[in-house]
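Shown next, in structure tokens, is the structure this report addresses.
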Amino acid sequence: MIAQADDTLTIYQRSKAGRRAFVAPDTDVPERPLDDLLPPEARRAAPPRLPEVAEPEIVRHYNRLSKRNFDLDTGFYPLGSCTMKHNPKLHERVAGLPGHARMHPLQDPRYAQGALELMWRLQDALGEIAGLPHVSLQPSAGSQGELAGVLLTRALHEDRGEHRTKVLTPDTAHGTNPATVTMAGYEVVKVVSDANGNVDLDDLRAKADEDVACLMLTNPSTLGLFETGIEEIERIVHGVGATLYYDGANLNAIMGISRPGDMGFDIVHFNLHKSFTQPHGGGGPGAGPVAVSDRIEPYLPRPQVVRRESTTNGKEPFYDLDYDRPKSIGRLRGFQGNYGVFVRSYAYIRSLGGPGLKEASETAVLNANYLLAKLREAGVAQYLPAAYDRLCMHEFVLSGEPMRRELKIKTLDMAKRLLDHGVHPPTVYFPLIVEEALMVEPTETETKETLDRFAEIVADILREAREDPEVARAAPYTTPVRRLDEAGAARHPVVRQAMTQD
Amino acid sequence: MTRYTSATDADRSEMLQAIGVGSIDELFAEIPAGLRLNRPLALDPGRSEQEVFEELKALAAKSTSAEDEISFLGAGMYDHYVPALIDSIILRSEFLTPYTPYQPEISQGGLQAMFEYQTAISELTGLPVSNASVYEGPSAVGAAAYVAKLTNGRKRFVISRGVHPHSRECVRTLAHAWDVEVVEAPLNDGATEIPHLGDDVSAVIVQQPNFLGAVEDLTAIAGAAREAGALSIAACDPLPLALLKTPGEAGVDIAVGEGQSLGNRLDFGGPSFGFFAATEALMRRMPGRIAGETKDVDGKRGFVLTLQTREQHIRREKATSNICTAQALNALAGVIYLSWLGRRGIVELVELMLRRTAYARERLQDIDGVTQIHDHPVVREFAVELDAPVQRVIARCQEQGINPGYALGRDYPEYANGLLVAITERRTRADIDRLADVLGAAVAAEREAAGAKATA
């Protein structure tokens, strides 16, 4: 390719005055002077310095950028807790149909029956999967679903005249959990894990008191382990009048096998961009619907999609938006949620059906346990042992501590060396309670051959490190850039392109 | 086997053997027996790709989209033309399918796009720091209010009644949990009237142009906030910023907004993106991802996620926000769109909307029974009051294939028959003329019906 040296020029640096991609439609109305329409004092001094580039160069620029990204359609992406499963191609096609894509969110429900019906059906399906009867699709992502959940908890307690101040989160929780608790106006109390990677029940008992509003739990946990004490956890939490919140990040392990509602959870959030195939888009969009029990239902966000049965025999039911929810926590965002995501996730659920979803979870768990076994078989366990010697669910966590000690390469070095092998590294340094953690989630959509190959690659990197640890420590070598100075970037932040023109 | 999994029976038995268990069920042995779902999920069985396509197509056909009628609906989301190059770029799997760029060496494309996006938002808002996106418009207003809470901890938000009702409701939802009072600043003749601000005010929140379409005097509002030691937050419609005095020029501390109109489709309300820009002083309190420029070990230019010590995955309960997944792909569409428009194009586009909107405003004002709610300058949206029941008028228009706009009554009882009309560049003079005819006829018909009723 020509112009290799230009790879990092931004679109602004490719701009030249006079070029353009946009040609305005004809002005078919009277050309009134600008000053008559918008007084000069209301106007900006100069136009925004957007780039001036013709269409061919815009296309080339972003195509070139795209080639500097690794992506799921190119290779294995076992990023733990992120559920990087295949994004079916059908979904982009159906989401792009004008009857979905060009629907205005404020269209009168009479003219939006298809969209509302789809949302109602998705609510119904998610409720069945969670084992909880009421669903709001509104939250925009998992973290907003969490916020909804904790605010719902607050509304319940306030409605009962109780003032509670604390929310419990395990030490294995995703960072979003404690961050959410603070944003929702509560104090975080951390519950430790026991030697088997479960929530320490004694610690939970000691911390669960009448000031506790909620326990936020991920099950299976971020260690990829099922909370075997969940029944006792439920008794303890409900025993002090708190709610039990299910972080759905790891739902992909148990669809059709076990349901959070049946475990006693009051509130569940889903990540439609994890278990339900919404493409991650390099950092969104996603969607974070919540499912709740009867006692939480009155507080769900406004508006709620409802189905009104017709009183006339044989007439179709009417799908509507219900704003009349006096106990609602209110809105978390505009309009009705990320509908385009709902279309994709609904298509996924219809494609797989009940048995298919179960098979997806079974295969995800099979793939994870198989990969763990293969890594053991390949002699990896000596340096990268499983953090807990148990059957895992859809993901597992390895500790790189022996590798660091004996081979003098850190988990970070392993991750960077994997890049040279065309594999996205696992999640690293999380959960925090495992030293030098690597969290591996293969998902159900990977073949046995891919898993075998990954085990070989990890074994190869360890072998290489035994001979010369410096190779991994200086990796990667084959990527568009090599290790980057992140500390420097934070010390002297450069967060926009400096402009030469004014 | 589903069409998205590959484990054959032979694979499965080999894999189970390697694991050392006899069946798939044994893998789930740790789940207490009482908690297993011992029945199939009550969902319909899976269907072929073709059948699912037909089902989703049939659902789409049940709704009336902006493809099927001439729509003047806006009120926060707008039917702009989305150029073809956007789909061709954002549907590339390299942008569509990766996760958040936690491994920068293999994510330079996404990170550089974020950097370019941030630059564009800084240019539009006149503020030096933009993050890489938040969820969408109204929650972005809530996110900005949270920055104010973190910054000064004061106990009152003053929010203009001209702010989108969804944004106001988002702020109230959050403020309740923070024990912060929300006070509404009234509209006087369609523009915000800032009340006296005490030293307990954390932030003053306005919208530009406001929900009724009026261009607000941001400079005066930001000045009043600064004098009271409060932060000023402006929820801005991004396209009009091509012409309007920028939040930065006006002295605003935080500019947020709904990004849908920048190259994103309507999608019945999402996904789109929210933008979030602020002064340097607030940089380390901002929510969400921020891409920054740096160098690699060979001295080559590169980009990383920076200032991550603000974020939940590092700081946990001390984070400045809980946001994780945001709207990277939608923000990418945004920066491609802004590059497509370019420096001159964006001005030409907004001037076209300005002129067509002025034309529409005059045409509608000439209709008997239609009056203007305010006479402030507007850019692409304006509000009128009908001398007839607005819902019935809208229904009549929709029967004629015209969606005349958004009924204000639900959110503004004081404008019970108010109608908010949006004119994007997709609405031609012919469309506007047709709107005037159909709306005029509908208003006349309703007035006649009311008159007949009154005489009878």
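So the sequences go chain by chain: A and B.
Using our numbering, you'd call the opening residue of the first sequence number 1 and step up by one each time.
Using our numbering, you'd call the opening residue of the second sequence number 1001 and step up by one each time.
Ideal Cβ positions, reconstructed from N, Cα and C, are used throughout, including at glycine.
By Cβ distance below 7 Å, which residues in the same chain neighbour residue i in space, the five residues on each side in sequence not counted?
i: E52 of chain A; result: S15, K16, A17, G18, R19 and R20
i: R473 of chain A; result: I409 and D413
i: K1149 of chain B; result: W1178, V1180 and S1202
i: V292 of chain A; result: L132, H134, L152, D266, I267 and L300
Is it buried or exposed for residue i, if we count other Cβ within 10 angstroms and need 16 for buried?
i: E1348 of chain B; result: buried
i: A1007 of chain B; result: buried
i: M1 of chain A; result: Only weak support exists for where M1 of chain A lies, its pLDDT of 41 falling under 50; the value from the coordinates is given anyway. By the 10 Å Cβ count, M1 of chain A comes out exposed.
i: A3 of chain A; result: Unreliable positioning characterises A3 of chain A in this predicted model, as indicated by a pLDDT of 44, which lies under 50. The coordinate reading is nonetheless provided below. Flag for A3 of chain A reads exposed.
i: S1023 of chain B; result: exposed
i: K358 of chain A; result: buried
i: Q382 of chain A; result: exposed
i: T1002 of chain B; result: buried
i: Y477 of chain A; result: exposed
i: T1192 of chain B; result: buried
i: E446 of chain A; result: buried
i: P326 of chain A; result: exposed
i: I1019 of chain B; result: buried
i: S1272 of chain B; result: buried
i: A155 of chain A; result: buried
i: H91 of chain A; result: buried
On the DSSP bridge list, what partners appear for residue i?
i: T218 of chain A; result: A:D247
i: M439 of chain A; result: A:V397 and A:T427
i: C1236 of chain B; result: B:Q1208
i: I1402 of chain B; result: B:I1070
i: I1159 of chain B; result: B:E1184 and B:I1205
i: Y319 of chain A; result: A:R307
i: A1191 of chain B; result: B:N1188
i: N69 of chain A; result: B:S1107
i: V471 of chain A; result: Answer is none; V471 of chain A lacks a bridge partner.
i: G353 of chain A; result: B:P1045
i: F1000 of chain B; result: Only positions 1001 to 1456 of chain B appear in this structure, which leaves residue 1000 of chain B out of reach.
i: R1036 of chain B; result: A:S258
i: R43 of chain A; result: B:L1244
Less than 8 Å between the CB atoms is what I'm expecting for residue i and residue j, so what's the real figure, rounded?
i: R1265 of chain B; j: V1082 of chain B; result: 6 Å
i: V1390 of chain B; j: I1373 of chain B; result: Contact flag wrong, Cβ pair sits at about 12 Å.
i: A1442 of chain B; j: V1393 of chain B; result: 5 Å
i: I1336 of chain B; j: I1086 of chain B; result: 5 Å
i: P301 of chain A; j: G330 of chain A; result: 7 Å
Could you spell out where the beta strand (DSSP E) holding residue i opens and where it closes?
i: H269 of chain A; result: I267 to H269
i: T1371 of chain B; result: V1370 to Q1372
i: P170 of chain A; result: K166 to P170
i: I1254 of chain B; result: I1254 to E1258
i: L1419 of chain B; result: G1418 to A1422
i: S136 of chain A; result: H134 to S136
i: G1274 of chain B; result: G1274 to A1278
i: A1383 of chain B; result: E1381 to L1386
i: A95 of chain A; result: Counting along the chain, A95 of chain A falls outside any beta strand (DSSP E), though it belongs to the alpha helix (DSSP H) covering L90 to A95.
i: V290 of chain A; result: V290 to V292
Between residue i and chain E, is the shortest Cβ-Cβ distance under 8 Å, so that the two count as touching?
i: I1254 of chain B; result: Annotation note: the requested chain E is absent from the structure, which comprises protein chains A and B.
Among the residues of its own chain, which have a CB less than 6 Å from the CB of residue i, if the five just before and after it don't count?
i: A1075 of chain B; result: Y1406 and L1420
i: R68 of chain A; result: P480
i: P504 of chain A; result: Any question about residue 504 of chain A goes unanswered here, given that chain A covers just 1 to 502.
i: H100 of chain A; result: V343
i: R1396 of chain B; result: A1442
List the endpoints of the continuous alpha helix (DSSP H) containing residue i.
i: E1293 of chain B; result: Run containing E1293 of chain B: none in the alpha helix (DSSP H); it sits in the beta strand (DSSP E), A1291 to K1295.
i: G145 of chain A; result: G142 to D159
i: G1046 of chain B; result: Segment: none, G1046 of chain B is in no alpha helix (DSSP H) and carries neither H nor E.
i: L1435 of chain B; result: R1429 to T1455
i: A1140 of chain B; result: G1137 to N1152
i: K190 of chain A; result: Segment E187 to V191 is the beta strand (DSSP E) holding K190 of chain A; no alpha helix (DSSP H) there.
Please return the same chain residues whose Cβ sits closer than 8 Å to the Cβ of residue i, not counting the five positions on each side in sequence.
i: F958 of chain B; result: Past the boundaries of the shown model lies residue 958 of chain B; chain B is included only from 1001 to 1456, so the question cannot be answered.
i: L201 of chain A; result: D194, G229, E232, I233 and I236
i: S140 of chain A; result: P285, G286, A287, G288, L332, R333, G337 and N338
i: P1104 of chain B; result: L1111, G1302, F1303, V1304 and L1305
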